Structures are given as structure tokens and as C-alpha cells.
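Read through the structure below, which is laid out as C-alpha cells, and then see the notes.
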Amino acid sequence: MKRNNILYVLVFFTLMCSTIFATPIKHEIALEYGLYNSEQIIDIELAIEEKITDAELAIEESIPQYITNELVNSKSEFEVFASYDLYQRKQTLLGIIDELEIEVEQQIIEIEQNVIEEGLQATDEPELSSEEKAVVPPPAEPTGKYAYLTFDDGPSDNTILILDCLKDYDIKATFFVLHVPGREDVYRRIVNEGHTIALHSSTHEYSEIYQTVDTYLADIKNLENVIVENTGVTPVILRFPGGSNNTVSHQYGGSDIMPNIIEATNAAGYIYFDWNVDSQDASKITQEKDIIVDAVLSQSANKTQPVILMHDSKFKTTTPEALPEIIEGLTQLGFSFEKITAETPVVQFSLKKE
Ligand SMILES: [Zn+2]
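For the sequence shown, our numbering begins at 8 and goes up steadily by one.
Put into C-alpha cells, the structure is as follows:
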């Protein structure tokens, strides 16, 4: 029994010793091979990996930064180049613009001079060609169709309305006037606004003027003097009261009175005009406006030179009212408007004796 106990003690002791001395041996071996222990190795390995990662990251980061830096440098270089290039181009373009501006200014001056010259020609032309040019609204193409608006028996307030209307449309017309003391200003306005002032009669009294050739001539001469005094214009166009073929005169001067008067007035240098369109505004004291318009347009439609009889005495209030529609209607029919002058082809009734 005692031997067995001693054996157990020895075995135990041996195991204890081996355990105690095993650790220093292992430590020495680790030191000798520089390995220390597994935890330290792992730490070192981790540290190395970390450094590699950092290095890689640094490289990765530095590459784009390098590229960015290069780009920034390149860009600023390019910008410098571009801005310089643009500056040069701008300078070149400014030079071209300056030249163009000078050229354009010269062209504008040329155009203005042409316009002024054309304007002067256009202004001169009517005077040089004895007031032949119509200064009227459309038609754009000259048709050779001229309408002559004529007004008898003024001046009155209606003459003023008619003059206003003609001014609005820039149309010239012809006024066969009476001697109306106190309305001499209207004679002046007729002349100043470019219309023709023409002779009709001082008194318009058939029983007086148509007695003899001389009574007629005296009446006309009196009116002519009034017009000359007030306007400075000597009228040469005339229209006989009742027209050149009137028969009312026969009861005062006989059946030859009109041919004799016509012969005398022709010899005196007057040019008489009758009409070929009757507006019918004398058929009643005050005619309906629409009848006047229709009469003028329907009678003018087939004519190339309508000479339109209208009246501007004080009861003819519908005549100025009808005038805009007459002007616009005739314009649509292709007419331009003219005033009667010494050069206008005459419109005269055929001379007939009864
Ligand atoms: Zn009359």
C-alpha cells in the first residue's frame, strides 16, 4: 500500500514539473523565431493590412485629385487662352461692326436723299404737269378713270362740311360758287386747300342773268372780281345756272340766248362744264342721302370720266352726309378723283335749239 502511494506522488510531481517548465520553453522558442504569440502576429498582420489599405486608399484618392488638379490647371489655361482668343475675336468683330455701321449710315443717307428727291419730284409733278396727278386713296394701280366731284350754289355751312370731308380723304374737287357776301372766307379755304374755284353766278337769278349776253357777262364778271379780290385766283372754269342746254332762259332771252352766251364766254376765254352724272340732290329741297349715293354710283359705274353734279347750298344737308359713301363707292369702282382744270377734257351738253 505505501509503495502505491509513493508512485502516485511521483507521477503527480512529474506532471506538475512538466507543466511549470513547459511555458518558459515555449516562450523561448517563440522569441527565437520572432513570432511571439498568435495574438501579436494577428495584430501585426492587421497593422500591415491596415497600412496597405491606407496606402491604397491614399493612391486611389490622390489619382482623382491629381486628375482634378490637372483639369483645373488645364481649364484655367484654356480659359486664359479662350478669353484671349475671344478678346482678339471681339476686337476683330468690333472693327467689322464699325465698318458695317459706317456702311449702313451711308446707305441710310443715300436712301433718305432718294426719298427726298422722289418726294420733291412727286410734289413738283402736279404743278409741272398742270395739276394732273390725283392725290387720292386707292386704287393702287392707276386705272385712268377719274371722277370729278363738283358742287354748285355755295358757299354755305354745307360747303364747310364738304371741305372737311374732302380733307379727310385727301381729295380735290371743284366748287362752282355764287356771290355770297360774308362767306368770302370759304372762297379762300377752297383755294388754300387745293380745290378749283369756278364761276357759277353772282345772283343765280335766271330772270336777270339770261336777259341778254351782256347781262350774263356782267353777272359773271362781278363774281370773278369778288373771287380775284378774295383769293388772288382768276377763275376760268364756269357752269351755267341750269346747264348749257337749259330752256328756262328762253323766256327771258329768247331761244338763242344760250348759244349766244356760250359763244361770248368761249370768246372771253372761259371754259364751261356741264355734268354727266346727276346726284339728284336738287330734285327735292333736301334729298334722301341714299338716293344721292345710289344716283351717283349707278350713273358713274359705266363712265371713265364722271363729272358729278352736286349742290352745297344751305338746304342740301344730305349732300355732305352722302359724300363719304360716294367717295368710297367710287374708289371701289376704280376711280381716282380730280378737280376740273383748264386741261380737263370738257363735259358739255350738245347744243340744241328749241
Ligand atoms: Zn346753280
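Glycine is no exception: its CB is placed at the ideal position from the N, C-alpha and C atoms.
Here the structure is a predicted model, which means the values were calculated and not measured.
- Excluding five sequence positions before and after Gly276, the CB atoms of its chain that fall closer than 8 Å to its own CB belong to Val243, given in chain order.
- Around the C-beta of Ser45, fewer than 16 other C-beta atoms lie within 10 Å, and the residue is accordingly described as exposed.
- According to the DSSP assignment, Gly260 belongs to the alpha helix (DSSP H) that extends over His257 to Gly260.
- A straight-line Cα-Cα distance of about 11 Å links Ile298 and Lys291.
- Less than 7 Å divides the Cβ of His186 from the Cβ of Leu230.
- Annotated as distal: Ile178 and Phe280, with beta-carbon spacing of 7 Å or more.
- The residues Val255, in chain order, have a CB closer than 6 Å to that of Tyr213 in the same chain once the five nearest residues on each side in sequence are set aside.
- The residues Lys296, Ile299 and Val300, in chain order, have a CB closer than 6 Å to that of Ala329 in the same chain once the five nearest residues on each side in sequence are set aside.
- With a cut-off of 6 Å, the C-beta of Pro248 is classified as near ligand 1, since at least one heavy atom of the ligand falls inside that distance.
- Taking the Cα of Ile197 as reference, the smallest distance to any Cα among Val184, Gly189, His207 and Pro188 is reached at Val184.
- Residue side-chain check: Asp160 places its Cβ nearer than 6 Å to a non-hydrogen atom of ligand 1.
- Per DSSP, the beta-bridge partners of Val184 are Gly161 and Leu206.
- Collapsing the DSSP output to three states places Ala154 in a strand.
- Look at Asp221 here: in three-state DSSP terms it is helix.
- Its Cα nearest to that of Thr351, the residue Gly151 stands out among Asp192, Gly151 and Lys58.
- In this structure Gly260 is not in contact with Thr311, their Cβ atoms being roughly 35 Å apart against a cut-off of 8 Å.
- Bridge partners of Met265 according to DSSP: none are assigned.
- Residue pairing for Asp61: DSSP places it in no beta bridge.
- Under the 8 Å Cβ criterion, the region 188–208 counts as touching the region 234–250, having at least three qualifying pairs.
- Here Ala302 is buried. Its C-beta has 16 or more other C-beta atoms within 10 Å.
- Tyr176 is a Cβ neighbour of Ile334, given a cutoff of 7 Å.
- The beta carbon of His211 sits closer than 6 Å to the beta carbons of Leu185 and Pro248 from its chain, once the five residues preceding and following it are set aside; these are given in chain order.
- At a Cβ-Cβ threshold of 7 Å, Ser163 and Lys321 count as neighbours.
- From the listed residues Glu345, Leu53, Ile268 and Ala289, the smallest Cα separation to Asp159 is found for Ala289.
- Spanning the alpha carbons of Gly250 and Ile227 requires a straight line of approximately 15 Å.
- Gln114 has its alpha-carbon roughly 53 Å from the corresponding atom of Thr324.
- In terms of Cα proximity to Ser343, the closest of Ala308, Arg195 and Gly161 is Ala308.
- A check of alpha carbon separations from Leu304 across Pro331, Thr293, His202 and Asp319 identifies Pro331 as the nearest.
- Residues Phe158, Asp159, Asp160, Gly161, Pro162, Ser163, Asn165, Thr166, Ile169, Phe182, Thr326 and Pro327 of the same chain have their beta carbon placed closer than 8 Å to that of Asp319, with the five preceding and five following residues left out of the count.
- As summarised for the region 270–338, the continuous beta strand (DSSP E) elements at least 3 residues long and confined to that stretch are 314–318, given in chain order.
- The alpha-carbon separation between Asn199 and Ile264 amounts to approximately 35 Å.
- Note that the C-beta distance between Ser286 and Leu245 is not below 7 Å.
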